[in-house]
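Residue numbering for the sequence shown follows UniProt numbering, starting at 1 and increasing by one per position. Here's the structure we're looking at; comments come further down.
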Amino acid sequence: MLKGRIVASVTDKVEEIQKDAQDLKSIRQKVESFDLKNAELLQRSGAGATKYTQRRWEELTIEHQAMVAASDLLKRTRGFFMWLQRNFVFVVLIDCALAKLLAEGSIVIAELFVFTRAIEDVVDLLLIRSRSESELATLLTQVDKLKVLVSVWSKSKEPNVLPCRIAEQDEAGKVNRIVLSNLQYSRGTAQVSVEHLVLEPGIYAVTGANGSGKSTLFRLLMACESNERPIDLHDSIELATPIHHWHLSDSLILPKDSCKVPDDGCEVIVDERKLGNAESEIPVTSITMPSSDV
Numbered sequence: 001m002l003k004g005r006i007v008a009s010v011t012d013k014v015e016e017i018q019k020d021a022q023d024l025k026s027i028r029q030k031v032e033s034f035d036l037k038n039a040e041l042l043q044r045s046g047a048g049a050t051k052y053t054q055r056r057w058e059e060l061t062i063e064h065q066a067m068v069a070a071s072d073l074l075k076r077t078r079g080f081f082m083w084l085q086r087n088f089v090f091v092v093l094i095d096c097a098l099a100k101l102l103a104e105g106s107i108v109i110a111e112l113f114v115f116t117r118a119i120e121d122v123v124d125l126l127l128i129r130s131r132s133e134s135e136l137a138t139l140l141t142q143v144d145k146l147k148v149l150v151s152v153w154s155k156s157k158e159p160n161v162l163p164c165r166i167a168e169q170d171e172a173g174k175v176n177r178i179v180l181s182n183l184q185y186s187r188g189t190a191q192v193s194v195e196h197l198v199l200e201p202g203i204y205a206v207t208g209a210n211g212s213g214k215s216t217l218f219r220l221l222m223a224c225e226s227n228e229r230p231i232d233l234h235d236s237i238e239l240a241t242p243i244h245h246w247h248l249s250d251s252l253i254l255p256k257d258s259c260k261v262p263d264d265g266c267e268v269i270v271d272e273r274k275l276g277n278a279e280s281e282i283p284v285t286s287i288t289m290p291s292s293d294v
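Laid out in structure tokens, this is it:
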């Protein structure tokens, strides 16, 4: 029982370190990919930026290698402990027991092999629990990984999307402007609201404090230009749909054969907007991009 607890505890630690090492490896790969993608920007930033990037890579690599080495060391320690216990504890006890039986005359030399196999089978039966506890520790780690995958899968089935569409072509056959209609989004403490904005061809500068949403806005625009499907937004981007004030005509709510004053052959229909049962405001959020061949 003590051996099983020790092995299970070491296995838990090994699985934990391996998981942390995988997470750190993923972070390192993302950092390296981002830095390589923006290598030109790093060069323009000066020698300090290059040294910082190099130091960051070295720190992540050293930390990852340390975790891998610690995991390998624990695995070897666990294997050595199991080998030590079997060869210097159980084998010695079996030999002592057989020697005592031979000395007492309880068994003969011919029966030595049979009794040896029987005792070894009993020892293996006693060790089943420790093996099961070790396998259980590994199984629990795999269950945690599956839970993470389930959460990711549930989010992927219910994406937070922003409608975007490619504008129709004009008489010349091309549409060369960007239209933002009734768009409002927030990121952190910063909020941006755009009721209606038309961007003609030209060079524009977007200014704002850190975290105000400049990069987020360009990400949305570029994503809308690159594909005609809705944009799957990251969890860090929270979008709110404001109310677009449209003055609805009475014909949209009241039937043609209705009237506002009682009369013969006419049914009075009360405008539900006055009763608060129908909203005269429709939420509309859209981004219109030029066609991809512009």
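Built from N, CA and C at the ideal position, the CB exists for glycine as well.
Considering only C-alpha positions, which residue in the set the options is nearest to residue i?
| i | options | result |
| --- | --- | --- |
| L146 | K19, D121 and A70 | K19 |
| K214 | P201, Q191, I203 and H196 | Q191 |
| S212 | P201, S9, S193 and L125 | S193 |
| G202 | R177, T216, A66 and V89 | R177 |
| A118 | T138, A103 and D95 | D95 |
| E120 | L93, F80 and V150 | L93 |
To which residues of the same chain is residue i closer than 7 Å at the C-beta, ignoring the five residues directly before and after it?
| i | result |
| --- | --- |
| S71 | V14, I17, Q18 and A21 |
| S9 | none |
| M67 | I17, D20, A21 and L24 |
| L112 | L98 |
| S151 | none |
| T138 | T11 and E15 |
Would residue i and residue j qualify as a contact pair, given that the criterion is a beta-carbon distance under 7 Å?
| i | j | result |
| --- | --- | --- |
| L24 | H64 | yes |
| V101 | I109 | In the sequence as displayed, the identity of residue 101 is Leu instead of Val. Result no, Cβ atoms of L101 and I109 do not sit closer than 7 Å. |
| L197 | L180 | yes |
| L42 | A49 | yes |
| E195 | N182 | yes |
| V122 | F90 | no |
Quick one: residues in its chain with C-beta nearer than 8 Å to the C-beta of residue i, no 5 flanking neighbours on either side, listed in chain order?
| i | result |
| --- | --- |
| W57 | R28, V31, E32 and D35 |
| F218 | V206 |
| L74 | V10, K13, V14 and I17 |
| F115 | L98, L101 and I107 |
Is it buried or exposed for residue i, if we count other Cβ within 10 angstroms and need 16 for buried?
| i | result |
| --- | --- |
| T77 | exposed |
| T11 | buried |
| T53 | buried |
| T216 | buried |
What first and last residue would you give for the alpha helix (DSSP H) that runs through residue i?
| i | result |
| --- | --- |
| S45 | A39 to S45 |
| V92 | V91 to E104 |
Beta strand (DSSP E) containing residue i: first to last residue?
| i | result |
| --- | --- |
| E195 | A190 to L199 |
Using a threshold of 6 Å, is the CB atom of residue i nearer than that to any non-hydrogen atom of the ligand FMN?
| i | result |
| --- | --- |
| L36 | The ligand FMN is not part of this structure, which contains no ligands at all. |
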